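Structure, as structure tokens:
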Amino acid sequence: EAAAFVTLHDFDPAAAEMLWSFRELLLSRYESLVVAWQQGLDLRHINRLEEPEFCERVAALGFAGDANLLFKILRSGPHKIYITLSDLDARAAQAYYRGDELAITMSGAKSGAHESPRSWVGR
30 EAAAFVTLHD
40 FDPAAAEMLW
50 SFRELLLSRY
60 ESLVVAWQQG
70 LDLRHINRLE
80 EPEFCERVAA
90 LGFAGDANLL
100 FKILRSGPHK
110 IYITLSDLDA
120 RAAQAYYRGD
130 ELAITMSGAK
140 SGAHESPRSW
150 VGR
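Throughout the sequence shown, residue numbering follows our numbering, covering 30 to 152 in sequence.
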């Protein structure tokens, strides 16, 4: 039986995999995406990253993909010149604004997908 939902992986598998590998990198280095944003990406603590700074931080973290393309995939609109934690992960942004750095209050444990969409049932 086919899945009853459509994902980015259905429309652009390469973009989905790039996002997934970036998420995996962040979660392999930090306890949560909130902590990754605070300690690995937004080092100036201004709650946004423009493309040059984002690319610099992504390279410093060891991301092997195209950082400029990743920025373009993450930003929420073609005219935006920066990304925020919400662009990276909306639930992580909600946790951040609740003061929940480990992003555990939604379900009592770290939440979110734990494997690439390519392995989801129906893919």
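Using N, Cα and C, we set each Cβ at its ideal position, and we do this for glycine too. From a predicted model like this one, the values you see are computed outputs, not experimental measurements.
Compute the distance between the beta-carbons of residue i and residue j, then report whether it is under 9 Å.
{"i": "residue 111", "j": "residue 72", "result": "no"}
{"i": "residue 122", "j": "residue 131", "result": "no"}
{"i": "residue 47", "j": "residue 94", "result": "yes"}
{"i": "residue 51", "j": "residue 99", "result": "yes"}
{"i": "residue 37", "j": "residue 45", "result": "yes"}
If you draw a straight line from the alpha carbon of residue i to that of residue j, how long is it in whole angstroms?
{"i": "residue 70", "j": "residue 83", "result": "7 Å"}
{"i": "residue 59", "j": "residue 65", "result": "5 Å"}
{"i": "residue 117", "j": "residue 81", "result": "16 Å"}
{"i": "residue 33", "j": "residue 43", "result": "21 Å"}
{"i": "residue 67", "j": "residue 74", "result": "7 Å"}
{"i": "residue 114", "j": "residue 126", "result": "10 Å"}
Taking the DSSP output, what are the residues bridged to residue i?
{"i": "residue 78", "result": "112"}
Where does residue i land, buried or exposed, given buried means 16+ other C-beta within 10 angstroms?
{"i": "residue 63", "result": "buried"}
{"i": "residue 136", "result": "Per-residue confidence for residue 136 stands at a pLDDT of 47, beneath the threshold of 50, marking its modelled position as unreliable; the derived number appears in the next sentence. By the neighbour-count rule (16 or more Cβ atoms within 10 Å), residue 136 is not buried but exposed."}
{"i": "residue 119", "result": "exposed"}
{"i": "residue 102", "result": "buried"}
{"i": "residue 61", "result": "buried"}
{"i": "residue 35", "result": "exposed"}
Taking 6 Å as the limit between beta carbons, can you name the residues of its chain near residue i, skipping five residues before and five after?
{"i": "residue 89", "result": "none"}
Note down, in chain order, each residue of its chain lying with its Cβ closer than 7 Å to the Cβ of residue i, except the 5 sequence neighbours on either side.
{"i": "residue 105", "result": "116"}
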